[in-house]
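Notes to accompany the following structure.
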Amino acid sequence: MTRRPAPWATYLVAGTAAAALVLLLPDSAVRDLCFVLVAATAPVAIGVGTRRHRPIAEGAWYAMAAALTLWVVGCALLALEQRTVWTSPVAPDLIRLMLYPMVTAGLWLLSRSRTAGLRIEAILDVAIVSTSALMISVVFLVGPSWAAGTGADRWWDAAFPLGSVLVFAFLVRLAYAPGAGRLSSIVVVVGLGLTLGYQAVAHVVPELPTLASGAGALTVEWLPAMVVTGAAALHPSMRLLSQPTPPRPEPPHSRQIAVAGMALATGPAIIAVQFVAGVPFSAGVIAVFYVPLLAMVYLRMLTLVRQVNDQATTDPLTGLPNRRALHNAGRLRLADRSQQQSLLLLDLDRFKEVNDSLGHHAGDELLIAVAGRLRSTLRADDLIVRLGGDEFAVLLEGAGADESEAVAVSLGRALSEPFDLGGFEVRSSASIGIALFPEHGTDLSTLLRKADRAMYCAKISGAPCLHRDAQDSAESLHLAEELRAALLADALVLHYQPVLELRTGRVVGVEALVRWQHPERGLLHPADFLGPAEAAGLMAPLTRAVLARAVGQAARWRSAGQELSVAVNLSAGSLLDRELPTLVVELLAAHDLPPAFLTVEVAEEVLRPELAHVR
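The sequence shown begins at 227 in this note's numbering and counts up one residue at a time.
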């Protein structure tokens, strides 16, 4: 079955062919009639496309359809006047001029529906480009027509090029509005800008052919653009042109400097063209426009410098200060040791799950939402920083231990509320570590390191944790490194405490108790090394080693006829280990041990985080 072409494609092909035929026809009443007939299809296509696709900004499309309708009517009346002796009761040029304010209104409605406002940078860019176009139009089109014309004719001759500049300015404004179709808007702006510029220069350089075809009344050279506009309105993607899009900051780009440079070159370029054409220089007119243009370009360069500085110290996704900003502020705030400060380090829990299940776009939305909640929860003078990934930092001024812990609890409560990510309700939480200035360190690097270790303890306990210097003593660090080596060398041992059945006195099982036979300090109990193990991130491999030994021993006892179950204590961190269930299943299968012979125990402190405050 042959698939029928889409209406927009059919119209584009047929309309382009008809427009080409009109352009090839000699200047005559027949060409005028063909032009009016083909041009009249454009507003009809816009109306049909708007009614079919129902965009948000319907009024914008209907305004452009009405504008083109008036343009066609005005062209028909003008052709009748010039081809016959009939005189129109309404000036055709007045009807045709209505095109400009109505198209401008449509473009404004489109850009306004996409974003409510423009940043100062975009406003300056629009003003710079539009002022350059206006200067070219006034020098090459309005000025000569005004000087040569008389009476009302000079007003009509001036109004049309000025109207073109007005439309061009709002096209530039649409191109700067974020959202779908922005690239198409930029292409249209560049094409129209080059066309207007060439048309202006061609009026004073005889060697250049003008775009107007023949000596007739109608500007048939715009007919292809009208057909393309009608086809665009028939395409389903026209709905996207008015979809609301939140404004977002754009990083400095070389094209912004290029636009400003080309604008500054407009004045000298006009003088050069006038010199080549042998016409008097329009120095006064150029000065009127060039002075404010210079001021706008200067302001734009200042905003570019500010953007570059902000980009160096701002996270582009959330708009929060970044790690560099934290170090810059830290140097200033930590200079006075008499002023208490605290550093909170936050790491989002289960962020990877959001990225993996809903995609990176949802992860970005979650980070933006988290940044918003941090801003709304903290004070205005608290420094909130995104360090990277799903990690944030907060520098609290004048906060001691009690206030810092209270703030951390408030942040944890705020981040535990559900987030709406495109219709999906996502719950998150944060592990928060706290380090105090100057108690835990006198420089930012030390505070970050100690807050990071406290944050790991928060992941273990499930509650905000305050760092204590004892945790970070040289002995603890050294002991953690020795424990790491002991795990690699399989130097840990298990002691088994029997579990008795009180009624019979029979041993029905054992509890595995890990010990470390330290080469210098002798036999160490868990209380001697579990703290450094947690701080160094060694609890997961330690738990795996204990499980492997315990399951192996239970299997050997069973083979020898002693059916004893073995119990193993789990830390809070083990409950967050997603690979632990798989490990247990694999260990039981490898030793052919029924699951009933292994018991895992969870301490009360794991279920009640407030009892597990790390000191």
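Each residue gets a CB set at the ideal place from its N, CA and C atoms; glycine is no exception.
Please read these numbers as outputs of a predicted model, since none were measured by experiment.
So, with DSSP's three-state summary, where would you put residue i?
{"i": "His279", "result": "helix"}
{"i": "Asp695", "result": "Confidence is the limiting factor: at Asp695 the pLDDT is only 43, short of 50, which leaves the residue's position unreliable, though a coordinate-based value still follows. Residue state, collapsed to three classes: helix."}
{"i": "Phe823", "result": "helix"}
{"i": "Arg732", "result": "strand"}
{"i": "Val652", "result": "strand"}
{"i": "Arg601", "result": "helix"}
{"i": "Trp312", "result": "coil"}
{"i": "Gly688", "result": "coil"}
{"i": "His461", "result": "coil"}
{"i": "Gly504", "result": "coil"}
{"i": "Ser254", "result": "coil"}
{"i": "Asp754", "result": "helix"}
{"i": "Met681", "result": "helix"}
{"i": "Leu764", "result": "coil"}
{"i": "Ala774", "result": "helix"}
{"i": "His666", "result": "coil"}
{"i": "Glu631", "result": "helix"}
{"i": "Val511", "result": "helix"}
{"i": "Gln425", "result": "helix"}
{"i": "His704", "result": "helix"}
{"i": "Thr341", "result": "coil"}
{"i": "Ala555", "result": "helix"}
{"i": "Ala491", "result": "coil"}
{"i": "Ala786", "result": "coil"}
Name, in chain order, the residues that DSSP records as bridge partners for residue i.
{"i": "Ala619", "result": "Leu571, Val611"}
{"i": "Pro370", "result": "Note: Pro370 sits in no beta bridge, so no partner."}
{"i": "Thr540", "result": "Pro547"}
{"i": "Ala738", "result": "Tyr722"}
{"i": "Thr748", "result": "The sequence shown places Gly at residue 748, rather than the Thr named in the question. Answer is His744."}
{"i": "Val828", "result": "Leu796"}
At what residues does the beta strand (DSSP E) containing residue i begin and finish?
{"i": "Asp646", "result": "645 to 647"}
{"i": "Ala661", "result": "655 to 663"}
{"i": "Ser564", "result": "Ser564 -> no beta strand (DSSP E), and no H or E assigned at all."}
{"i": "Phe396", "result": "That residue, Phe396, is in no beta strand (DSSP E); its alpha helix (DSSP H) goes 378 to 402."}
{"i": "Ser791", "result": "791 to 796"}
Give a yes or no on whether the C-beta atoms belonging to residue i and residue j are separated by under 8 Å.
{"i": "Gln537", "j": "Asp351", "result": "no"}
{"i": "Leu206", "j": "Ile660", "result": "No answer is possible for residue 206: the residues shown for the chain start at 227 and end at 841."}
{"i": "Ala291", "j": "Val264", "result": "no"}
{"i": "Phe650", "j": "Ala595", "result": "no"}
{"i": "Pro281", "j": "Leu460", "result": "no"}
{"i": "Ser657", "j": "Ser642", "result": "no"}
{"i": "Leu325", "j": "Leu400", "result": "no"}
{"i": "Leu397", "j": "Val415", "result": "yes"}
{"i": "Phe501", "j": "Met361", "result": "no"}
{"i": "Leu692", "j": "Ala619", "result": "no"}
{"i": "Asp590", "j": "Leu546", "result": "no"}
{"i": "Val611", "j": "Val499", "result": "no"}
{"i": "Leu720", "j": "Val652", "result": "no"}
{"i": "Gly200", "j": "Leu621", "result": "Residue coverage of the chain in this structure runs from 227 to 841, which leaves residue 200 outside it and unanswerable."}
{"i": "Ala359", "j": "Gly419", "result": "yes"}
Between which two residues does the alpha helix (DSSP H) harbouring residue i extend?
{"i": "Leu720", "result": "Unbroken run through Leu720 is the beta strand (DSSP E), 718 to 727; no alpha helix (DSSP H)."}
{"i": "Phe577", "result": "577 to 584"}
{"i": "Glu347", "result": "346 to 363"}
{"i": "Leu247", "result": "233 to 250"}
{"i": "Arg322", "result": "318 to 323"}
{"i": "Ser468", "result": "From DSSP, Ser468 is part of no alpha helix (DSSP H); its letter is neither H nor E."}
{"i": "Thr808", "result": "806 to 816"}
Determine the burial state of residue i: buried for a count of at least 16 other Cβ atoms within 10 Å of its Cβ, exposed for fewer.
{"i": "Leu519", "result": "buried"}
{"i": "Gln788", "result": "exposed"}
{"i": "Ser439", "result": "Unreliable positioning characterises Ser439 in this predicted model, as indicated by a pLDDT of 43, which lies under 50. The coordinate reading is nonetheless provided below. Ser439 comes out buried."}
{"i": "Val239", "result": "exposed"}
{"i": "Met488", "result": "exposed"}
{"i": "Thr236", "result": "exposed"}
{"i": "Val391", "result": "buried"}
{"i": "Lys578", "result": "exposed"}
{"i": "Ala521", "result": "exposed"}
{"i": "Tyr682", "result": "buried"}
{"i": "Asp698", "result": "Confidence at Asp698 is low in this model, with a pLDDT of 49, below 50, so the placement of that residue should be treated as unreliable; the coordinate-derived value is given next. With 16 or more other Cβ atoms within 10 Å, it is buried."}
{"i": "Arg229", "result": "exposed"}
{"i": "Trp234", "result": "buried"}
{"i": "Arg679", "result": "buried"}
{"i": "Thr357", "result": "buried"}
{"i": "Ile321", "result": "buried"}
{"i": "Trp297", "result": "buried"}
{"i": "His666", "result": "buried"}
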